[in-house]
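Novice: Here you go, one structure.
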Amino acid sequence: MSEVVSYNREGNIGVITVNYPPVNALGHAVRSGLLAALEQGQKDTDAKVLLLVCEGRTFIAGADIREFGKPMQDPTLPTVVNTYENSDKPLVAAIHGTALGGGLETALSCHYRVALSSAKVGLPEVKLGLLPGAGGTQRLPRLTGAQKALEMITTGEFVGARDALELGIVDAVEDGDDIRAVGLAFAQKIADEGKPVRRVRDITDKIEAEKGTDVFDQFREGLKKRARGLFSPFKCVDAVEAAFNLPFEEGMKRERELFMECMESPQRAGLIHSFFGEREASKVKGLAKDTPVRDVKSVGIIGAGTMGGGIAMNFANVGIPVTIVEVKQEALDKGLAIIRRNYENSAKKGKLTQEQVEQRMALITPSLTYDDFRDVDLVIEAVFENMAIKKEIFAKLDEVCKPGAILASNTSTLDIDEIASATRRPEDVVGMHFFSPANVMKLLENVRGTKTSDEVKATVMAVAKKIKKVGVMVGNCYGFVGNRMLHKRGTEAMSLVDEGATPQQVDKVLTDLGFPMGQFAMSDLAGIDVGYRIREERRKAGEDIPASWMDKLAEQGRLGQKTQAGVYKYEEGSRKPIPDPEVEQLIEEFRKEQGITPREISDQEILERCMYVMINEGAKILEEGIADRPIDIDIVWIYGYGFPAYRGGPMFWADQEGLDNILAAVKKYQDTVGGEQWQPAALLEKLVSEGKAFGDL
Numbered sequence: 073m074s075e076v077v078s079y080n081r082e083g084n085i086g087v088i089t090v091n092y093p094p095v096n097a098l099g100h101a102v103r104s105g106l107l108a109a110l111e112q113g114q115k116d117t118d119a120k121v122l123l124l125v126c127e128g129r130t131f132i133a134g135a136d137i138r139e140f141g142k143p144m145q146d147p148t149l150p151t152v153v154n155t156y157e158n159s160d161k162p163l164v165a166a167i168h169g170t171a172l173g174g175g176l177e178t179a180l181s182c183h184y185r186v187a188l189s190s191a192k193v194g195l196p197e198v199k200l201g202l203l204p205g206a207g208g209t210q211r212l213p214r215l216t217g218a219q220k221a222l223e224m225i226t227t228g229e230f231v232g233a234r235d236a237l238e239l240g241i242v243d244a245v246e247d248g249d250d251i252r253a254v255g256l257a258f259a260q261k262i263a264d265e266g267k268p269v270r271r272v273r274d275i276t277d278k279i280e281a282e283k284g285t286d287v288f289d290q291f292r293e294g295l296k297k298r299a300r301g302l303f304s305p306f307k308c309v310d311a312v313e314a315a316f317n318l319p320f321e322e323g324m325k326r327e328r329e330l331f332m333e334c335m336e337s338p339q340r341a342g343l344i345h346s347f348f349g350e351r352e353a354s355k356v357k358g359l360a361k362d363t364p365v366r367d368v369k370s371v372g373i374i375g376a377g378t379m380g381g382g383i384a385m386n387f388a389n390v391g392i393p394v395t396i397v398e399v400k401q402e403a404l405d406k407g408l409a410i411i412r413r414n415y416e417n418s419a420k421k422g423k424l425t426q427e428q429v430e431q432r433m434a435l436i437t438p439s440l441t442y443d444d445f446r447d448v449d450l451v452i453e454a455v456f457e458n459m460a461i462k463k464e465i466f467a468k469l470d471e472v473c474k475p476g477a478i479l480a481s482n483t484s485t486l487d488i489d490e491i492a493s494a495t496r497r498p499e500d501v502v503g504m505h506f507f508s509p510a511n512v513m514k515l516l517e518n519v520r521g522t523k524t525s526d527e528v529k530a531t532v533m534a535v536a537k538k539i540k541k542v543g544v545m546v547g548n549c550y551g552f553v554g555n556r557m558l559h560k561r562g563t564e565a566m567s568l569v570d571e572g573a574t575p576q577q578v579d580k581v582l583t584d585l586g587f588p589m590g591q592f593a594m595s596d597l598a599g600i601d602v603g604y605r606i607r608e609e610r611r612k613a614g615e616d617i618p619a620s621w622m623d624k625l626a627e628q629g630r631l632g633q634k635t636q637a638g639v640y641k642y643e644e645g646s647r648k649p650i651p652d653p654e655v656e657q658l659i660e661e662f663r664k665e666q667g668i669t670p671r672e673i674s675d676q677e678i679l680e681r682c683m684y685v686m687i688n689e690g691a692k693i694l695e696e697g698i699a700d701r702p703i704d705i706d707i708v709w710i711y712g713y714g715f716p717a718y719r720g721g722p723m724f725w726a727d728q729e730g731l732d733n734i735l736a737a738v739k740k741y742q743d744t745v746g747g748e749q750w751q752p753a754a755l756l757e758k759l760v761s762e763g764k765a766f767g768d769l
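Listed below in structure tokens is the structure:
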């Protein structure tokens, strides 16, 4: 008997209890223990019904991540699940917390399921490039039908207990928090009513009803857009379809074959790297675990524009009151109206109740005076990129805010130390770079200044977690990590168009790699004026930033999607970029002005110049200590810039491409293109000479 799984009897109910903190994951000891406890329960002649229940905060929450990448020891999960389903005594699973992945597959192997109303269930394997490999694709559709099973398995999203009841995944839902008592009561009911063993594999009414329909073809068609470039979601559909076309045992074999195909896919390695990377990035190098964290119970935000409003929503969403300050009442009213509209749209989609909309709006207080920041714990400045204005604001905050209040800037490029110099408390100043739209994008790039205290660093990382963001701590330099690399890519993208490529050709190479949009479509989304302002600031600072055709677009008022014209044109109400002959003409004229004769440019050259310049810059960022680890860069790019998670982030992808190949190309472009961006990073040269990769750092 495993020490993490025990068996005892209460009356005529045999109780199998899993106790393997923190989340009762399906490690080897748990799998072995489940089989041993079941055998004991089968032999216990006084046990009429068996109950599977877990100690702690959750039911079985999935695989044991400590065993990832190691050979699976017997008994495997499919063996455990099949043995449970074959029990000749009725088996009840009592679910609290979450039943995820193999945890839900284990519950589906039981004959009945009862859940607390707070519980959630799901099969999130697709997020790791896999599919449920212990019968999830064969049993779930027998309970829910094809459509809902396909949705759950291909998205990996969780379902609440009440919805699970409606879908047939669980048989009963109870309020309260004592899962053992709920499980025992339900199991006793099964015993008293003499309910028989009821195996999910034998439930076929929904299978028969949907056989021969076009549900799978239709679903695949929709996936082409939703899961573009991904491997495992399509294999998930194949596996669920097998449940409808093959006898159960053959369906299980087909699921196993498809599972192994996913295991062998390079996408799995990238997705697992991303999964662990998110956890790793939350640990700040050199920051002691016991560093004190300040309480953030109220927040001030300067600016009610797109960014300020989105940032405010993050705090209101988790119950933290926010005061937004603007210069004019009109700007405040407009900002509040947009926030309300965003919430109302969520309510229309059923994501919020009207009561929740009002609760969140009530947490946001508009103001025209900095005096209302006197008692807040954190202030985030979210005005446009102008150093003089930001320093003026921080000098005011220094006067008004209480001692210990954190003063943060949402700047995307500017020097945090220079901003902090406007205050007498640089230790309390930090960058908190949210990404647009701030209420949606998951990344929060926290920027440490030279004097930012450890306490402030720890606090802003804790705040990221509190508002459900992926926080990454980075160092202070122009553009930090994400934008510093992006601007190098942007410069190359511009040069490629100058030399003869079209914006749509450059964008297509990037979207073919897996980005949701290319460089120029992204400029249109963000607003061409944003990049223009940044370039103007750099010019004012004395940098030699050459004029570009993008500057001309901004000067003509072609600011992107918001004006329905930027690099591309846009139809009313549509975000689809349409190539514009006017822009082609403008580019042609710019080439003539600059004396450039356009040439044919290959997709491979576009890929190398847009991506390898980023890798070279990433290596310099690591050399300088702006990013502590390659994984930090990967997470910034996955969650902030749409780098395809299945490719693991730019530095992980670079290792797959081969650093020797990248260095050779960097040297080639140093000779042919020139510029400091093609000066090979010392770290890149060192890794190649030692036969190492970024993953070895």
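Residue numbering for the sequence shown follows the working numbering, starting at 73 and increasing by one per position. From the three backbone atoms N, C-alpha and C, an ideal C-beta is built for every residue, glycine too.
Just to confirm my understanding: we take Ile-710, look at its own chain, exclude 5 residues before and 5 after, and list those with CB closer than 6 Å. What are they?
Specialist: As a working note, residue 710 is residue 638 in the sequence shown. Counting only Cβ-Cβ distances below 6 Å, and skipping sequence neighbours, we find Ser-346, Ala-717 and Gly-721.
Novice: Who are Tyr-184's beta bridge partners in DSSP?
Specialist: As a working note, residue 184 is residue 112 in the sequence shown. Val-164, per the DSSP bridge assignment.
Novice: Measure the alpha-carbon distance for Val-312 versus Val-95 and round it to whole angstroms.
Specialist: The residue given as residue 312 occupies position 240 in the sequence shown. The residue given as residue 95 occupies position 23 in the sequence shown. About 28 Å.
Novice: Using DSSP with H/G/I as helix, E/B as strand and the rest coil, what is Leu-123?
Specialist: Translated into positions along the sequence shown, residue 123 becomes position 51. In the structure shown, Leu-123 sits in a strand (DSSP, three-state: E or B).
Novice: Does DSSP put Arg-412 in a helix, a strand or coil?
Specialist: Within the sequence shown, residue 412 is the residue found at index 340, counting from 1. Here Arg-412 sits in helix by DSSP.
Novice: Going by the DSSP bridge assignment, what does Gly-632 pair with across the sheet?
Specialist: Taking the first residue of the sequence shown as position 1, residue 632 is located at position 560. In the DSSP output, where bridge partners are listed per residue, Gly-632 has Ala-637.
Novice: Taking the alpha-carbon positions, what's the Val-448 to Val-397 distance?
Specialist: On the sequence shown, residue 448 is found 376 positions in, with the first residue counted as 1. On the sequence shown, residue 397 is found 325 positions in, with the first residue counted as 1. Taking the straight line joining both Cα atoms gives about 13 Å.
Novice: Would you list the residues sitting across from Val-394 in a DSSP beta bridge?
Specialist: Here residue 394 refers to the residue found at position 322 of the sequence shown. The partner list for Val-394 (beta bridge, DSSP) reads Val-371 and Ile-436.
Novice: Quick check: what's the CA-CA separation for Ala-315 versus Leu-107?
Specialist: Stepping through the sequence shown from its first residue, residue 315 is reached at position 243. Stepping through the sequence shown from its first residue, residue 107 is reached at position 35. Distance between the alpha carbons of Ala-315 and Leu-107 is about 26 Å.
Novice: Less than 6 Å between C-beta atoms, sequence neighbours within five positions excluded: which residues of the same chain meet that for Met-73?
Specialist: Position 1 of the sequence shown, counted from the first residue, corresponds to residue 73. Interpretation of Met-73 is limited by its pLDDT of 45, a score under 50 that renders its predicted location unreliable; the figure taken from the coordinates is listed afterwards. Cβ neighbours of Met-73 beyond the five flanking positions: Ala-108.
Novice: When DSSP builds the beta bridges, which residues end up paired with Pro-213?
Specialist: Here residue 213 refers to the residue found at position 141 of the sequence shown. For Pro-213, which the question treats as bridged, DSSP gives no partner whatsoever.
Novice: On the DSSP bridge list, what partners appear for Ser-525?
Specialist: In the sequence shown, residue 525 corresponds to position 453, counting from 1. Bridge partners of Ser-525: none, in fact.
Novice: Rounded C-beta distance between Val-272 and Leu-215? I'm assuming under 8 Å.
Specialist: Translated into positions along the sequence shown, residue 272 becomes position 200. Translated into positions along the sequence shown, residue 215 becomes position 143. Right, the Cβ-Cβ distance comes to about 6 Å (below 8 Å), so this counts as a contact.
Novice: Please confirm whether Gly-173 and Ala-135 have their CB atoms less than 9 Å apart.
Specialist: Translated into the one-based positions of the sequence shown, residue 173 becomes position 101. Translated into the one-based positions of the sequence shown, residue 135 becomes position 63. Yes, Cβ-Cβ distance for Gly-173 and Ala-135 is below 9 Å.
Novice: I need the DSSP call for Ser-189, collapsed to helix, strand or coil.
Specialist: Position 117 of the sequence shown, counted from the first residue, corresponds to residue 189. Three-state DSSP puts Ser-189 in coil, outside helix and strand.
Novice: Comparing C-alpha positions only, which one of Pro-438, Ala-765 and Val-429 sits nearest to Lys-400?
Specialist: Mapped onto the sequence shown, residue 400 falls at position 328. Considering only alpha carbons, the answer is Pro-438.
Novice: Should the region 475-495 be regarded as contacting the region 519-527, the criterion being three or more beta carbon pairs within less than 8 Å?
Specialist: Touching, yes, given that three or more Cβ pairs across the two stretches are closer than 8 Å.
Novice: Residues in its own chain within less than 7 Å of His-559 by CB, not counting five upstream and five downstream?
Specialist: Numbered from 1 along the sequence shown, position 487 holds the residue referred to as residue 559. Contacts found: Gly-551.
Novice: I'd like the span of the beta strand (DSSP E) that includes Met-545, first residue to last.
Specialist: One-based indexing of the sequence shown puts residue 545 at position 473. Where Met-545 is concerned, the enclosing beta strand (DSSP E) stretches over 542-546.
Novice: Mark Lys-764 as exposed unless 16 or more other C-beta atoms lie within 10 angstroms of its C-beta, in which case mark it buried.
Specialist: In the sequence shown, the residue the question calls residue 764 occupies position 692. By the 10 Å Cβ count, Lys-764 comes out exposed.
Novice: For Glu-644 versus Gln-633, is the C-beta distance shorter than 9 Å?
Specialist: Against the sequence shown, residue 644 aligns to sequence position 572. Against the sequence shown, residue 633 aligns to sequence position 561. No, the Cβ-Cβ distance between Glu-644 and Gln-633 is not below 9 Å.
Novice: Measuring straight from C-alpha to C-alpha, what distance separates Phe-258 and Gly-232?
Specialist: As a first step, residue 258 must be located in the sequence shown, where it is residue number 186. As a first step, residue 232 must be located in the sequence shown, where it is residue number 160. Roughly 19 Å between the two C-alpha positions.
Novice: Check the DSSP bridge columns for Gly-232 and list the partner residues they point to.
Specialist: In the sequence shown, residue 232 corresponds to position 160, counting from 1. DSSP lists Lys-192 as partners of Gly-232.
Novice: State yes or no: is the C-beta of Phe-456 within less than 9 Å of the C-beta of Arg-605?
Specialist: As a first step, residue 456 is located in the sequence shown; it is residue number 384 there, counting from the start. As a first step, residue 605 is located in the sequence shown; it is residue number 533 there, counting from the start. Result yes, Cβ atoms of Phe-456 and Arg-605 sit closer than 9 Å.
Novice: Could you work out which residue in Gln-219, Lys-537 and Ser-484 is closest to Val-553 when comparing CA atoms only?
Specialist: Counting from 1 along the sequence shown, the entry for residue 553 is found at position 481. Of the candidates Gln-219, Lys-537 and Ser-484, the one whose C-alpha sits nearest the C-alpha of Val-553 is Ser-484.
Novice: Look up Val-198 in the DSSP assignment and say whether it is helix, strand or coil.
Specialist: Mapped onto the sequence shown, residue 198 falls at position 126. It is helical.
Novice: Does DSSP put Ile-383 in a helix, a strand or coil?
Specialist: Counted from its first residue, the sequence shown places residue 383 at position 311. Ile-383: helix per DSSP, three-state reduction.
Novice: DSSP beta-bridge partners for Thr-170?
Specialist: As a first step, residue 170 is located in the sequence shown; it is residue number 98 there, counting from the start. Answer is Lys-192, bridged to Thr-170.
Novice: Excluding five sequence neighbours on each side, which residues of the same chain lie with their C-beta closer than 7 Å to the C-beta of Lys-307?
Specialist: Your numbering for residue 307 matches position 235 in the sequence shown. Excluding residues within five positions, the ones whose Cβ falls inside 7 Å are Leu-203, Leu-330, Glu-333 and Cys-334.
Novice: For the alpha helix (DSSP H) that Glu-82 lies in, which residues bound it at each end?
Specialist: Translated into the one-based positions of the sequence shown, residue 82 becomes position 10. Where Glu-82 is concerned, there is no enclosing alpha helix (DSSP H), although the beta strand (DSSP E) it sits in stretches over 77-82.
Novice: Am I right that Ile-85 and Leu-256 are in contact with their C-beta atoms under 8 Å? What's the rounded C-beta distance?
Specialist: Reading the sequence shown from its first residue, position 13 is the one you call residue 85. Reading the sequence shown from its first residue, position 184 is the one you call residue 256. Yes, they are in contact, since the Cβ atoms of Ile-85 and Leu-256 sit about 6 Å apart, within 8 Å.
Novice: Identify every run of the beta strand (DSSP E) within the region 460-494, keeping only runs that are complete inside it and at least 3 residues long; order them along the chain.
Specialist: Listed in chain order, they are 478-481.
Novice: Tell me the rounded alpha-carbon separation between Met-594 and Glu-609.
Specialist: Residue mapping note: residue 594 aligns to position 522 of the sequence shown, counting from 1. Residue mapping note: residue 609 aligns to position 537 of the sequence shown, counting from 1. Going from the Cα of Met-594 to the Cα of Glu-609 covers about 21 Å.
Novice: Need the endpoints of the alpha helix (DSSP H) that Ala-244 sits in, please.
Specialist: By 1-based counting over the sequence shown, the position of residue 244 is 172. Segment 244-246 is the beta strand (DSSP E) holding Ala-244; no alpha helix (DSSP H) there.
Novice: Compare the C-alpha of Asn-688 against each of Gly-730, Asp-596, Thr-669 and Gly-712 and name the closest.
Specialist: Looking up residue 688 in the sequence shown gives position 616. Among Gly-730, Asp-596, Thr-669 and Gly-712, the Cα nearest to that of Asn-688 belongs to Gly-730.
Novice: Label Met-533 either buried or exposed according to how many other C-beta atoms from any shown protein chain fall within 10 Å of its C-beta, with 16 as the threshold for buried.
Specialist: Taking the sequence shown and counting its residues from 1, one reaches residue 533 at position 461. Buried is the call here.
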